[in-house]
Amino acid sequence: MAIALRIQRSKRLVLMMGVIVALAAPVHAATVEYDVALNTSSLTGTSGYLDLQFNPGTIPGTPGAQATISRFGGDAILQNLGPTNGTGDVTGALPGDLAFHNTTQFNDFFQQVTFGSSTSFHLNFNGAFLTALSGAHTAFSVSLYDADGVTPLLTTDPSGALMIFDLAPGGGVAPDIFNPSVVTVAAVPLPAAAVLFPTGLSLLAFAYRRFSGNANVVV
Amino acid sequence: MIQSLISAYRSASRVVRRVPHLLGVVGLTAATALFGAPAGAWAAGNVVISQIYGGGGNSGATFRNDFIELFNRSNVAVSLSGWSVQYASATGTTWQRTDLSGTLQPGQYYLVQESVGTGGTVTLPTPDASGSIPMSATAGKVALVNSTTLLTCSTGCATLPSIVDLVGYGGTANSVEGAGPAPGLSNTTAASRNGNGCQDTDVNSTDFSAGSPNPRNTASPVSPCGGSATQSIVATCPVTLSTAASTPASANLSATDADGVVMNVVITSAAVTGITVTNIVPANAIGGTLTATLSAAATVVPGSYATDLTFTNTDTTAQTALCTVTISVGGGTGVALRIHDIQGAAHLSPHNGETVTNVPGIVTVVRPNGFYMQDPSPDNDPATSEGIFVFTSTAPPVAVGDSVQVRGTVSEFRPGGAGGATNLTITEITSPIVTVVSSGNSLPTAVNIGINGRIPPTLVIDNDATSDVEINGVFDPTNDGIDFYESLEAMLVQINNPVVVGPTNAFGEIPVLADNGANAGLRTARGGIVISSSDFNPERIFLDDAIVAPVPAVNVGDRFASVNAVVDYSFGNFKFLVMNSLTPIPQGLSPEITTLLGTSDRLTVSSFNVENLAPTDPSSKFAGLGDAVVNRLRSPDIIAVEEIQDNSGATNDGVVDATTTFDLLISAIRTAGGPTYAFRNINPVDGQDGGQPGGNIRVGFLFNPARVTFVDRPGGTSTSGTTALNGPTGPQLSVSPGRIDPLNPAFTDSRKPLAGEFQFNGHSIFIIANHFNSKGGDQPLFGRFQPPVRLSETQRQAQAQVVHDFVQSLLTLDSQARVIVLGDLNDFQFSTAVTTLKGGGILHNLVGTLPVDEQYTYIFEGNAQVLDHILISPGLMNFALPEYDIVHMNAEFTTQLSDHDPAVARLNLPPVQDVTAEVPAVSSGLTFNRRTQTFTGTIQITNTSASFIAGPVQVQLQNLTVGVALVNANGTQSGNPYLTVPVSGLAPGASVSVPVQFSNPTRVGISYNVRMFSGSF
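Just so you know, the protein sequences line up as chains Y and H, in that order.
All letters in the first sequence, in the order written, are residues -14 to 204 by this note's numbering.
All letters in the second sequence, in the order written, are residues 268 to 1284 by this note's numbering.
Quick look at the structure:
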């Protein structure tokens, strides 16, 4: 049942994004950017982990991809800072930028935090997958874990994640949100595209409003 | 008499047909019992030896003969019939006897004259019995014996049970009653019982005195002993009373007593319905006369009845008198009728029970207990038979060709005795008096049954009666088969070019069609005739060997030139008793060989009723079955067998295991060149599953383990049922093999269905073997009751419902489950039971895929019909390209391994199909779940072909990275994990995301090749 729901959600979002992409092409040729906000108010003051993963479906067989985290924000208090929180092909450290590549099976940044009311970051996807013709997908997943480090929070998805960005060969990126009351994702319009395609821009703006929900958490 | 009746029939195993005619025997037996009654009823000693004289004819004698005088000293009449007086010398053991007869009234004397001599001058008074025993004039032994068996005793004779009275006379007599013998005698003295014969203290020495001979006979004045009843009752009765059948008659009775009042008269012989004494008027004074009427009503069954009448008076110790009247019924003149009048246009004669006379006919057939005769001058009404059977009980004194006149009673004889209630009657003339008018006459022309004669109805047996065809409905020989044959009862018939539609059976019967089937209904492809729901083929004619035996052993399709016969009825059918020797014209029917051979993709499944197969069967039966399985059925992969008996066969010894039976069959198949089959079955509870007593017949599975796998799920028992469960890869049985609902009352005294789970090419197949309850107890097609009541259907329908519900439970778990229901369902494809089994379209009967003229597995009384079935579920019907063949190798042949033809189904069940090229798979990225320690994601599959791809679809991961495992795999095939996508299929363009979970403790790169398969592993 969980799978079916997941497919359903995914389809809805893919459909919407597909319309946007069609009108805003050639988005695929450029990077894809999102603003992600997590409403962690239910966890405020508790300790836990923010888990960010960027894993391919198979190795080999997955086109190269890169994910960059920037503009990390919110009121969470980060604990035990440092790059040692990364595993696999990850560089950087929070609250600074993080750079993930999907070159190994497990590319992870596991950051201990004391939760505040919200956490947010900007996300940029780039790489060969944007123009690849085939291959496995790559997943960028966002999870919260309890202080024990193994208990997923605010989700029932078997992946343990709150949401997953599915990166398909050819550049399709589909955010799959398992707990909409926690996760807000907004695709960020590109200036060049806005100039070239005002109609697409207005649609993206419409989508932005629809998807943003709580404007306060958008950084 | 009984023996002769039975010997008239060819087999003691068949019901003696003449039981009602034994009535005459019963009457005779009753009369014999009555004759025996007086000897037991009256104490010995009431008739005594009253005088002995051995000097007759001797020198100085007056009388010329010896004599013995008897006397009835009781107050009741005593019959002497069957008694004797016997004499032996004083010490001898050689006895001589003189037999007695008649009845001795109270006080009456009885004179037995013995040997004559040269002396003497006076002849004895008229003796009541005479002998020639030379008795000693001085000493000897005389006995009154209640039989005519000679004594052999010397001493001690007095206590023998047959002795009524014994007198030893003379001092040397060594056997006497009491202390000593009666006095010694001389040529001029006799020993006389004192008191004129009344004294009897059982002491010869005191009861007798010597004196001058004084012979007295039954004409002498009576001398009653004791009381005031010195005079006895004198009764007046006729000797006989005769009347015609169904004609009442009566006679007057009277009795008087000179010194008493006669009060009553009753019948003291066995009661006979319709024989009574009425109008009794007692005597009104001493010396008066009682009058009464002896009556025989019209209802008295013809016969002879010895009727005892006992009169009584009012004396303190009542006196009685007995007389016997022989009543004869059936000797009347009767009505002159012709046979067609007697037969009438009806099943029952309009003259049933009447006495008929001067019935003319030509004797056509002589039987051991009667003869057929036919009117040489028929009427113009074909509805009235011109023939009739004259029942003589014993061999009739007539010959074929005699012209006779018959007087007798019209009666309707129902063959089969107590078990024949559903038979039609045969119109007969019974208790006949046959007069032969002339001999050597030509026989009446036989009626041709068929072209240029009378053509039997081909569709309707009866369509106008609602129960008893003898008393309701329309007699319609033109349209109703049962009336058609009735109109020919006992007539000579001829059938031209008969063609055999059923093999010669064990009773010497052959069902045929006239004119090579020219006017018959739907024929089988091989010469038989098939039934349909609306046509049970009244055109079938049963030839029978009752007269000319044996009839030849023939197979379906064989022919004869022509048959002459006389029409009889027995065992629920009209029988044409063949009168000429039959020479078959063989048509060479051959047993079939199936075309359905198993292949790598195609599974063959068979049902075979092996008819009470037991280790006690001759090895030839096993060898024959082995040959049939290998060379005719071509070694089906799975065989559902019915009627496998236990290891001891029909011996009722508590044995239920059938391993020996199965092993012998398997061995025979192997010997014939076939594979080594394995078997599965569940033993029944002893004696609870019907069939031949002691045999414990059951259904079972034979299977070729080189081709199919039996999925054993242990735990099945005789009394616990198997159920359908949801297993990891689809439905499965809780136990396999397992019986279905064995305690359900539907299976009382009947075989329990056996379910088994098989695997072929990776496919699960559920097979249910059945042997529903038989049609035993149903009324016959040509029986008295129309339409016939088929009581056996109730249980069969209940059984069908149970199996239906079980199949439904499998299909509820998986609508595409592969289910085969097969076996001897003992009912037709159009029956209620089989319709119930298929209910809701959950099963398809493969017999329906055959041409109608090939739809038969059994031949009953010439009717080719389907009793054995193979039904398959929709998934198999729609996707497995079913093929079907009934292998005609038994039912049509007089030599058969079983009475059933086996059937074979072939199903296309190839291994699952590789559709990797048509259904590409794409992996999502994976997310590591720290709780489950698994990498999770999906594999999306898409049908990129233009064709529907049948489900379920299997996603198999080959060459998965070492150290990585697919945690949520549904199973492994050839070591490779796979995921089952539970879809009925993928339409072109359709895609499905399949979740995956990998364990990957070392977090190595996960790599694999996806292979896609259509179908189930």
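Positions of the beta carbon are idealized from the N, C-alpha and C atoms, including for glycine.
Quick caveat, the model's predicted, so the values are computed rather than measured.
Remark: three or more beta-carbon pairs, one from each stretch, lie closer than 8 Å, so the region 660 to 676 of chain H and the region 633 to 647 of chain H are flagged as touching. Close to chain H, meaning a Cβ-Cβ distance shorter than 7 Å, are the following residues of the region 126 to 151 of chain Y: S126, Y130, G134, V135, T136, P137, P143, S144, G145, A146, I149, D151. When the five nearest sequence neighbours on each side are left out, the beta carbons in the same chain lying within less than 6 Å of the beta carbon of H:R901 are those of T861, L864, in order along the chain. A direct Cα-Cα distance of roughly 51 Å separates H:N831 from H:G921.
H:V768: not part of any alpha helix (DSSP H); DSSP gives it neither H nor E. Interface with chain Y (9 Å Cβ-Cβ cutoff): H:N1267 is included.
In chain order, F1195, R1270 make up the part of chain H whose C-beta sits under 7 Å from the C-beta of Y:F91. In the three-state reduction of the DSSP assignment, H:M530 falls in the strand class. Among the CB atoms of chain Y, one or more fall inside 9 Å of the CB of H:P1262.
Within the DSSP bridge table, the entry for H:E336 names H:Q318, H:L378 as partners. According to DSSP, H:I860 shares a beta bridge with no other residue.
By the C-beta density criterion, Y:I62 is exposed, having fewer than 16 other C-beta atoms within 10 angstroms. Using a Cβ-Cβ cut-off of 9 Å, H:Y1275 counts as an interface residue toward chain Y, since at least one Cβ of chain Y sits closer than that to its own. At a cut-off of 9 Å between beta-carbon atoms, Y:N70 makes no contact with chain H. The C-beta separation of H:V532 from H:A559 comes to about 5 Å, placing the pair in contact by the 8 Å criterion. The region 967 to 985 of chain H and the region 999 to 1012 of chain H touch, with no fewer than 3 CB-CB distances between them shorter than 8 Å.
Under DSSP, H:V665 takes part in no beta bridge, so it has no partner. Membership of H:E1060 in the alpha helix (DSSP H) is indicated by the continuous run 1060 to 1080. 9 Å or more divides the Cβ of H:A1100 from the Cβ of H:A1131.
Nearest neighbour of Y:G134 by Cα position, chosen from Y:P165, Y:N70, Y:T29, Y:A52, turns out to be Y:N70. Looking at the backbone, the Cα of H:I319 and that of H:D469 are separated by about 16 Å. In terms of Cβ geometry, H:F803 and H:K842 do not form a close pair [threshold 9 Å].
When the five nearest sequence neighbours on each side are left out, the beta carbons in the same chain lying within less than 6 Å of the beta carbon of H:E909 are those of N876, V966, H1038, G1090, D1091, in order along the chain.
Per DSSP, the unbroken beta strand (DSSP E) holding Y:T169 starts and ends at 168 to 172. The beta carbon of H:M1144 is closer than 6 Å to those of H1111 in its chain, skipping five residues each way along the sequence.
For H:M1279, the enclosing beta strand (DSSP E) covers residues 1276 to 1281. Y:N111 is positioned such that its CB atom lies closer than 9 Å to that of Y:Q51. For H:R937, the enclosing alpha helix (DSSP H) has its first and last residue at 926 to 938.
Under the Cβ criterion of 9 Å, Y:D20 is not counted among the residues facing chain H.
For H:T393, the CB contacts under 8 Å within the same chain, skipping 5 residues up- and downstream, are L378, N484, A486 in chain order. By the C-beta criterion, the region 412 to 427 of chain H is judged not to be in contact with the region 330 to 345 of chain H, since fewer than 3 inter-stretch pairs fall below 8 Å. At a cut-off of 9 Å between beta-carbon atoms, H:G1204 makes contact with chain Y. The beta carbon of H:L417 is closer than 8 Å to those of Q353, W362, Q363, R364 in its chain, skipping five residues each way along the sequence. The beta carbon of H:V1189 falls within 9 Å of a beta carbon belonging to chain Y, placing the residue at that interface.
Boundaries cannot be given for Y:Q90, as no beta strand (DSSP E) includes it and DSSP labels it neither H nor E.
Look at H:F970 here: in three-state DSSP terms it is strand.
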